[in-house]
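**Q** The sequence shown begins at 1489 in our numbering and counts up by one.
Take a look at the following structure, please.
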Amino acid sequence: MSWVATGTLPPRDERLIALEKWITATVHARSALAERRILHGYAVWHHLRRLRRRLGEEHATPLQDLNVRPRHRGEQLPRRLAGAGLTLGTCTQTDDRHHQPTHRR
1489 MSWVATGTLP PRDERLIALE KWITATVHAR SALAERRILH GYAVWHHLRR
1539 LRRRLGEEHA TPLQDLNVRP RHRGEQLPRR LAGAGLTLGT CTQTDDRHHQ
1589 PTHRR
């Protein structure tokens, strides 16, 4: 009999675990160490912390998983910043705001 079945351990949130692994793989795909550190910190302290707080004792839904992935791809911001002569390491919050893509409604 398993510890989960007896109630000793809570069931694992397989979707959240898969999301954590995806974030790690996505971050490690970056070539620059400084970018990896920044993107990992952003993913863990912003996206995952926020998602865990919302989940409480519940498990992540497919929609919550899909909501985090595009926001953390980590590809768009470095590309936009490079066009302005900036890097993730030199970018400030003000720089980030000025280089956000415009959305049409």
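Ideal placement from N, C-alpha and C gives every residue a C-beta, glycine not left out.
Whole alpha helix (DSSP H) runs in the segment 1504-1541 with 4 or more residues, listed along the chain?
**A** Within the segment 1504-1541, the complete alpha helix (DSSP H) runs of at least 4 residues are 1521-1530.
**Q** Within a Cβ cutoff of 8 Å, which residues of the same chain sit near A1548, ignoring the five residues on either side of it in sequence?
**A** For the purposes of this step, residue 1548 is identified with residue 60 of the sequence shown, where counting begins at 1. D1501, R1503, L1504, L1507 and L1539, listed in sequence order.
**Q** Count the other C-beta atoms from every protein chain shown that fall within 10 angstroms of the C-beta of A1531, then say buried if there are 16 or more, exposed otherwise.
**A** In the sequence shown, residue 1531 corresponds to position 43, counting from 1. Per the 10 Å Cβ criterion, buried.
**Q** Straight-line CA distance for P1498 to E1545?
**A** Residue mapping note: residue 1498 aligns to position 10 of the sequence shown, counting from 1. Residue mapping note: residue 1545 aligns to position 57 of the sequence shown, counting from 1. Those two C-alpha atoms are separated by around 9 Å.
**Q** Roughly how many angstroms lie between the CA atoms of A1570 and W1510, to the nearest whole one?
**A** The residue you call residue 1570 lines up with position 82 of the sequence shown. The residue you call residue 1510 lines up with position 22 of the sequence shown. Distance between the alpha carbons of A1570 and W1510 is about 25 Å.
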